[in-house]
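Read through the structure below, which is laid out as structure tokens, and then see the notes.
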């Protein structure tokens, strides 16, 4: 599907059983790479490694294991990364600095290096799987608590853009906590790829939140093999990349731990777009708003509360709120003609929109989230993630 | 119990039935007052009123109703406050500017003014209830989702300090979302009372968090009737006030919606005390940490995650974490000799302590919170608060 990319995944049983959990992607010589990483100050060893080799701008392989994040594992964690990249570099005959690594799963448990090396080697040896199967397996191989594998694609002229992603918890500000790998056969210098990826991430993965928690391992990588030549229309390429990233980001929200509803939060009338985004996040991250949505309760007072706590300029006496298309509040009080019944009817749908106009300027932003249910508690009070 | 304070409460049935829901406190002439209010940019009409009259420094009455917050009610809200203070001022023969008001409950629903005026008038007429009963009734009259009435007292030389509080949800940074009224017969000029109250609130109500949400109505008021004379030992008075405020703040956390555990989060080794507090809050507000505590799961990796997302300086490779007295992490990895069994044993207790040393300086702070359980979802997906 993307010229210059070969995928191999295996069920190594590192933590999960009966499903693929190690992915190796081989990338054609000349592939450029761009990356965006977690804002966490306690990043994982793989994130440290990717940050270190990214300035080289060249990639020949990606390797990812699910089940153990190799985060907060000290020097042992660094040794695991070294063992991994050396194994892949030897198998694919490239430099270790051209091998990108991502790990996801439990934090703080050392990896078993000998087991890991065997698994990575086997995945590299599995690069000849037929095409249709391998993308789906690749998407499954990077999952943890995900309930479905996530993939998206778009074309940009002769080039393809294909992405996979994982994530359903620890999804929060400054990069939704997750992994995503996007592959294209368009030819882009690494600096141009970095600009395009940063733009796409800011409008997609950085606009979704499940639980306001941020992981140690957030990683988005874009690989450009170049087989389809340079994009003739860079804007079209950017658009395709945005589409793929936004599709994947929305899939992560839909798979939010325990989620039963997909919630679009839009804020208008803020001092600027950044202020609007902060207010939208305050609404989207509020446990009280999220439980009200879960209960299909048109409790718009909780949206007022969230606007108030966001710390951004808002004119209480001009504040307006909509649940779906039903206006609940206008000019700082109950809107004339508001029908709680119509608002509740909207909340019964699986896709909910909440809109607030804070009445001070022209800034606007949209953030996507899910509701907060018993399912979230079940998953996170039971699963060691 | 506090000379110069008379309490009256009645079951007006404004929202709740079979329990007191309106409180009037009459304060002796000469009573000074200090206040601390919500940081919300959408404050309720009663908060607006209190902020406006506080500079006068004098109080003759407090009136509080539970069930309707009179927040986000526009000009109608202002009229409700005016009707309330005028009714009380007429009943107690004082100026409206000496009447302090607080409301708690649903946001965005207009109050029924005629019903409210009758209720407030009746509460003012009930000022002659016997002493022992009235403090408990006063504490009950200000409750909403609280499962128990909250009171605390201490003495400071000849003076008493008695406080009541309500709050169990919307409890968050910058003033735990709640109401608290503290009464003393010590004589303090209003400026000195304000300094003392601000100090006490910063070390108590501002250090607890239940769900990271901040209400529109947070109010702490300190009334000093003066009947016991000026404190001879101001430090002793401050200590007593701190004790009462911390006791009440802890009661609010213990009554956190759905809470089954009382959690003390301490951070040391931060760049300064403020950085330590932010990191402690990131841990205390993390849904993933809170669900792990609920599950009695010694998942210390989630504490690493929370430290990482706090945005404050921390040295990952010197980070140390304790669950109770069991050290889980040292120097950025699993601590030698760590026993998950002992950590789990600690988590089985109703009082849990989590400690992190972030290894960069001498800043430290403690924040108190509770766990996140199915009970929180039940309460907030069911109750219109």
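Chains as they are written, first to last, in the working numbering: chain H, 47 to 431; chain L, 47 to 431. Glycine is no exception: its CB is placed at the ideal position from the N, C-alpha and C atoms. Keep in mind the model is a prediction, meaning the values are calculated, not measured.
Beta bridge counterpart(s) of residue i as assigned by DSSP
{"i": "residue 166 of chain H", "result": "Answer by DSSP bridge pairing: none, since residue 166 of chain H is not bridged."}
{"i": "residue 288 of chain H", "result": "Answer is none; residue 288 of chain H lacks a bridge partner."}
{"i": "residue 210 of chain L", "result": "L/197 and L/227"}
{"i": "residue 73 of chain L", "result": "L/51"}
{"i": "residue 400 of chain L", "result": "L/311 and L/369"}
{"i": "residue 380 of chain L", "result": "L/375"}
{"i": "residue 113 of chain H", "result": "H/151"}
{"i": "residue 108 of chain H", "result": "H/71 and H/146"}
{"i": "residue 406 of chain L", "result": "None; residue 406 of chain L has no bridge partner."}
{"i": "residue 254 of chain H", "result": "H/414"}
{"i": "residue 274 of chain H", "result": "Beta-bridge pairing links residue 274 of chain H to no other residue."}
{"i": "residue 316 of chain H", "result": "H/409"}
Buried or exposed (CB count within 10 angstroms, at least 16 for buried), residue i
{"i": "residue 288 of chain L", "result": "buried"}
{"i": "residue 160 of chain H", "result": "exposed"}
{"i": "residue 89 of chain H", "result": "buried"}
{"i": "residue 337 of chain H", "result": "buried"}
{"i": "residue 323 of chain H", "result": "buried"}
{"i": "residue 283 of chain L", "result": "buried"}
{"i": "residue 297 of chain L", "result": "buried"}
{"i": "residue 304 of chain L", "result": "buried"}
{"i": "residue 237 of chain L", "result": "exposed"}
{"i": "residue 333 of chain L", "result": "buried"}
{"i": "residue 77 of chain L", "result": "buried"}
{"i": "residue 416 of chain H", "result": "buried"}
{"i": "residue 51 of chain L", "result": "buried"}
{"i": "residue 141 of chain H", "result": "exposed"}
{"i": "residue 221 of chain H", "result": "Residue confidence for residue 221 of chain H is low, a pLDDT of 41 falling below 50, so the modelled location carries little weight; the figure read from the coordinates is stated next. When all chains shown are included, residue 221 of chain H counts as buried."}
{"i": "residue 118 of chain L", "result": "buried"}
{"i": "residue 66 of chain H", "result": "buried"}
{"i": "residue 29 of chain L", "result": "What the structure shows of chain L is the stretch from 47 to 431, and residue 29 of chain L is not part of that stretch, so it cannot be assessed."}
{"i": "residue 230 of chain L", "result": "buried"}
{"i": "residue 352 of chain L", "result": "buried"}
{"i": "residue 419 of chain L", "result": "buried"}
{"i": "residue 218 of chain H", "result": "Any reading at residue 218 of chain H must be qualified, since the residue scores a pLDDT of 46, below 50, and its modelled position is unreliable; no value is offered."}
{"i": "residue 194 of chain L", "result": "exposed"}
{"i": "residue 149 of chain H", "result": "buried"}
{"i": "residue 301 of chain L", "result": "buried"}
{"i": "residue 250 of chain H", "result": "buried"}
{"i": "residue 253 of chain H", "result": "buried"}
Endpoints, alpha helix (DSSP H) assigned at residue i
{"i": "residue 95 of chain L", "result": "91-99"}
{"i": "residue 349 of chain H", "result": "347-355"}
{"i": "residue 138 of chain H", "result": "120-138"}
{"i": "residue 340 of chain H", "result": "333-340"}
{"i": "residue 242 of chain L", "result": "236-248"}
{"i": "residue 389 of chain L", "result": "386-393"}
Endpoints, the beta strand (DSSP E) within which residue i is located
{"i": "residue 56 of chain L", "result": "51-56"}
{"i": "residue 421 of chain L", "result": "Counting along the chain, residue 421 of chain L falls outside any beta strand (DSSP E), though it belongs to the alpha helix (DSSP H) covering 420-426."}
{"i": "residue 372 of chain H", "result": "372-376"}
{"i": "residue 199 of chain L", "result": "196-202"}
{"i": "residue 367 of chain H", "result": "366-369"}
{"i": "residue 266 of chain L", "result": "265-270"}
{"i": "residue 410 of chain L", "result": "409-416"}
{"i": "residue 78 of chain H", "result": "78-83"}
Selection from the options that minimises the alpha carbon distance to residue i
{"i": "residue 371 of chain L", "options": "L/114, L/242 and L/311", "result": "L/311"}
{"i": "residue 209 of chain L", "options": "L/174, L/246, L/344 and L/241", "result": "L/246"}
{"i": "residue 134 of chain H", "options": "H/157, H/165 and H/151", "result": "H/165"}
{"i": "residue 263 of chain L", "options": "L/158, L/405, L/116 and L/191", "result": "L/116"}
{"i": "residue 55 of chain L", "options": "L/189, L/132, L/100 and L/399", "result": "L/189"}
{"i": "residue 49 of chain L", "options": "L/270, L/98 and L/120", "result": "L/270"}
{"i": "residue 402 of chain L", "options": "L/84, L/328 and L/427", "result": "L/328"}
{"i": "residue 426 of chain H", "options": "L/232, L/347 and L/414", "result": "L/347"}
{"i": "residue 167 of chain L", "options": "L/130, L/184, L/200 and L/196", "result": "L/130"}
{"i": "residue 244 of chain L", "options": "L/266, L/256, L/232 and L/234", "result": "L/266"}
Whole-angstrom C-beta distance between residue j and residue i, which should lie under 8 Å
{"i": "residue 60 of chain H", "j": "residue 109 of chain H", "result": "Residue 60 of chain H to residue 109 of chain H, Cβ: 12 Å. No contact."}
{"i": "residue 350 of chain L", "j": "residue 102 of chain H", "result": "The Cβ separation is near 29 Å, so there is no contact."}
{"i": "residue 286 of chain H", "j": "residue 374 of chain H", "result": "At roughly 38 Å, the Cβ-Cβ gap does not stay under 8 Å, so residue 286 of chain H and residue 374 of chain H are not in contact."}
{"i": "residue 112 of chain H", "j": "residue 187 of chain H", "result": "6 Å"}
{"i": "residue 359 of chain L", "j": "residue 306 of chain L", "result": "Actually they do not touch by this definition, with Cβ atoms about 34 Å apart."}
{"i": "residue 331 of chain L", "j": "residue 409 of chain L", "result": "Actually they are not in contact, since the Cβ atoms of residue 331 of chain L and residue 409 of chain L sit about 19 Å apart, beyond 8 Å."}
{"i": "residue 204 of chain L", "j": "residue 274 of chain L", "result": "5 Å"}
Exercise. Given a limit of 7 Å on CB to CB distance, which residues of the stretch 391-405 of chain L reach chain C?
Worked result: Checking the listed chains, one finds no chain C in this structure; the protein chains it contains are H and L.
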